[in-house]
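What follows is a set of notes on a single structure, which appears directly below.
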Amino acid sequence: MRSRWVALTVIVVAQLCALSVWFSASAVLPSLQEEWGLSVDQGWVVTVSVQLGFACGATVSALLGLADRYNPKRIFMVASIASGVFNGLLIFSSTLELALVLRFLTGFVLAGVYPIAIKLVSLWFQSFRSISIGILIAGLTLGSALPYLLLGFQTDLLWQTTILISSVLAIIAGLALFVLLPTKETKASSSKFSFRNIHYVVRNRKVMYANYGYWFHMWELYAMWTWLPFFLMASFTNSDSSYSYFIAFVAIGIFGGMGSFLGGVWAERMGKVRFTIIAMTTSSICAILIGLTFQQHPLLTALVAIIWGASIIADSGQFSALVSDYASPEYVGTALTMQLGVGFLLTAVSIYLVSVFVPVIGWGAVFLIISIGPLLGVFAMLRLEKMTQST
1 MRSRWVALTV
11 IVVAQLCALS
21 VWFSASAVLP
31 SLQEEWGLSV
41 DQGWVVTVSV
51 QLGFACGATV
61 SALLGLADRY
71 NPKRIFMVAS
81 IASGVFNGLL
91 IFSSTLELAL
101 VLRFLTGFVL
111 AGVYPIAIKL
121 VSLWFQSFRS
131 ISIGILIAGL
141 TLGSALPYLL
151 LGFQTDLLWQ
161 TTILISSVLA
171 IIAGLALFVL
181 LPTKETKASS
191 SKFSFRNIHY
201 VVRNRKVMYA
211 NYGYWFHMWE
221 LYAMWTWLPF
231 FLMASFTNSD
241 SSYSYFIAFV
251 AIGIFGGMGS
261 FLGGVWAERM
271 GKVRFTIIAM
281 TTSSICAILI
291 GLTFQQHPLL
301 TALVAIIWGA
311 SIIADSGQFS
321 ALVSDYASPE
331 YVGTALTMQL
341 GVGFLLTAVS
351 IYLVSVFVPV
361 IGWGAVFLII
371 SIGPLLGVFA
381 MLRLEKMTQS
391 T
């Protein structure tokens, strides 16, 4: 019993450090735009390229069945080191084209970090899986927000330093997990991705409603994680930018992590579908309200941001669990890959759309675009709840 919680600690801490490269370039984007002479649209393509890389990496990994053919510890180590290297090479880049390639490759290899971490946790936890996955996603939120913490402490930090720190953390994470985590015997899975199984996924209404919920959830999630610090900087006109970065870290990292853990606990008690409805309702309300606090009292804006940060991620682990519950074993791999791939493609769209509409409608209204996601997600999950109650 004790050994699996030690194993969870190793996995979570390693994932936290490895995923610090995800938003490292986004956090220093103003510096990159100034140094490289990038327009707003060009700058945010740097962020979008990571999402596209991850979606492609996850699909390729599933097609090749990497997680089932090779030791997941070794995959995590190689992917973490590669992500640190690709991220670190950004320091030597001076053109947008090279930066896009490096960010795409960073996202591509990160598909060997987060999904593999989920597999490792699942190997160690046959029971308490919702809680353990919730803790793992808490590590995801902390790792993703880590660059904002670095800039919160020192806004005049060179962008190269932020990139370097996150790269070193990723490399250390891969090596540490491989050395410290005991090897867990695995059985070959029969649920690999197959294009032939897609029609079975589409015909399963319960699986598709769970997918719809996840896709609409993702429409909001990464756009919020990307843009919240810059919304806060525009809102807190009388404060140093370090305050905005720090509040973003607290909302996304600290309270997001707490929301992930508590979400796993509450989902076990009240049911996965019901909990996703509550979480997405709360996050959609926050997405609507935070625009109304723009350039109002900073404490009010911070409070809404914190509630939003906790609620937006709290249900994230439940959608894959629902697909696993409702999909037949022979095509659950296809269903999960489809869910993940489409979800991250949608994040690229929503992140980019916010960049397009900020100059048009302003910060006070732009988050209404992403609030549509959880509202539609609630509708999908209500339909799923109705279906499960009638069967």
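Under the numbering used here, the residue at position 159 of the sequence shown is numbered 159, and the numbers go up by one with no gaps. No residue lacks a Cβ here, since even glycine has one placed at the ideal position from N, Cα and C.
9 Å Cβ cutoff met for residue i and residue j
i: Gly143; j: Leu16; result: yes
i: Ala173; j: Ser316; result: no
i: Ser311; j: Ala267; result: no
i: Ile306; j: Val342; result: no
i: Leu150; j: Ile131; result: no
i: Phe57; j: Leu110; result: As written in the sequence, residue 57 is Gly, which differs from the Phe given in the question. Cβ atoms of Gly57 and Leu110: closer than 9 Å.
i: Phe319; j: Tyr214; result: yes
i: Ile290; j: Phe367; result: yes
i: Tyr148; j: Met387; result: no
i: Ala327; j: Leu340; result: no
i: Leu177; j: Val10; result: yes
i: Ser260; j: Gly373; result: no
i: Thr226; j: Ser26; result: yes
i: Met381; j: Ile277; result: yes
i: Leu175; j: Met77; result: yes
i: Ala62; j: Thr334; result: yes
i: Lys73; j: Thr237; result: no
i: Gly263; j: Phe275; result: yes
i: Ala55; j: Phe344; result: yes
Nearest-angstrom Cβ-Cβ length linking residue i and residue j, presumed shorter than 8 Å
i: Leu181; j: Ala7; result: 6 Å
i: Gln295; j: Ser235; result: 5 Å
i: Ala287; j: Ile370; result: 6 Å
i: Val50; j: Trp22; result: 6 Å
i: Ile163; j: Ser24; result: 5 Å
i: Asn211; j: Val323; result: 7 Å
i: Val12; j: Leu136; result: 6 Å
i: Gly256; j: Val168; result: Going by Cβ atoms, the distance from Gly256 to Val168 rounds to 24 Å, so no, they are not a contact pair.
CA-to-CA distance, residue j to residue i, given in whole angstroms
i: Pro31; j: Tyr70; result: First, the amino acid is wrong: residue 31 is Ser here, not Pro. So the alpha carbons of these two residues sit roughly 40 Å apart.
i: Ala145; j: Gly112; result: 19 Å
i: Ala302; j: Val273; result: 29 Å
i: Ala117; j: Gly377; result: 26 Å
i: Pro115; j: Leu89; result: 24 Å
i: Glu34; j: Ser93; result: 14 Å
i: Leu19; j: Gly53; result: 14 Å
i: Ser355; j: His297; result: 25 Å
i: Ala321; j: Trp36; result: 43 Å
i: Val207; j: Arg383; result: 12 Å
i: Met233; j: Gln389; result: 46 Å
i: Leu375; j: Met258; result: 23 Å
i: Phe230; j: Ile285; result: 20 Å
i: Leu346; j: Met224; result: 13 Å
i: Ala365; j: Trp308; result: 16 Å
i: Phe125; j: Ile171; result: 26 Å
i: Leu120; j: Pro359; result: 43 Å
i: Asp325; j: Phe379; result: 20 Å
i: Gly362; j: Leu96; result: 26 Å
i: Val28; j: Leu300; result: 26 Å
i: Leu105; j: Ser3; result: 35 Å
i: Leu403; j: Ser241; result: Since the displayed the chain opens at 1 and closes at 391, residue 403 lies outside it and no answer follows.
i: Ser283; j: Gly271; result: 19 Å
i: Leu292; j: Ile254; result: 24 Å
i: Pro329; j: Ser244; result: 46 Å
i: Ile91; j: Val179; result: 29 Å
Residue i - containing alpha helix (DSSP H), residue span
i: Ala79; result: Pro72 to Gly88
i: Gln389; result: Leu368 to Gln389
i: Ser239; result: Run containing Ser239: none; DSSP gives neither H nor E here.
i: Phe108; result: Leu96 to Leu110
i: Val179; result: Trp159 to Leu180
i: Ala279; result: Lys272 to Leu292
i: Ser320; result: Ser316 to Tyr326
i: Gln296; result: Looking at the DSSP string, Gln296 is not in any alpha helix (DSSP H), and its letter there is neither H nor E.
i: Pro115; result: Tyr114 to Trp124
i: Ser24; result: Ser24 to Ala27
i: Val250; result: From DSSP, Val250 is part of no alpha helix (DSSP H); its letter is neither H nor E.
i: Val201; result: Ile198 to Arg203
Cutoff 9 Å: residue i Cβ touching any chain D Cβ
i: Phe275; result: Among the chains in the structure shown there is no chain D, since it carries only a single protein chain.
Check: residue i C-beta below 8 Å from any heavy atom of the ligand NAP
i: Cys17; result: Ligands in the displayed structure: none, and consequently the ligand NAP is not present.
Worksheet item: Do three or more CB pairs link the segment 336–352 to the segment 217–226 at distances below 8 Å?
Response: Touching, yes, given that three or more Cβ pairs across the two stretches are closer than 8 Å.
Discussion item. Quick check: the segment 200–208 against the segment 256–270, are at least 3 beta-carbon pairs closer than 8 Å?
Written reply: These segments do not touch.
Discussion item. Under 8 Å, with one C-beta from each stretch per pair, do the segment 92–103 and the segment 37–47 reach the 3-pair mark?
Written reply: The segment 92–103 vs the segment 37–47: in contact.
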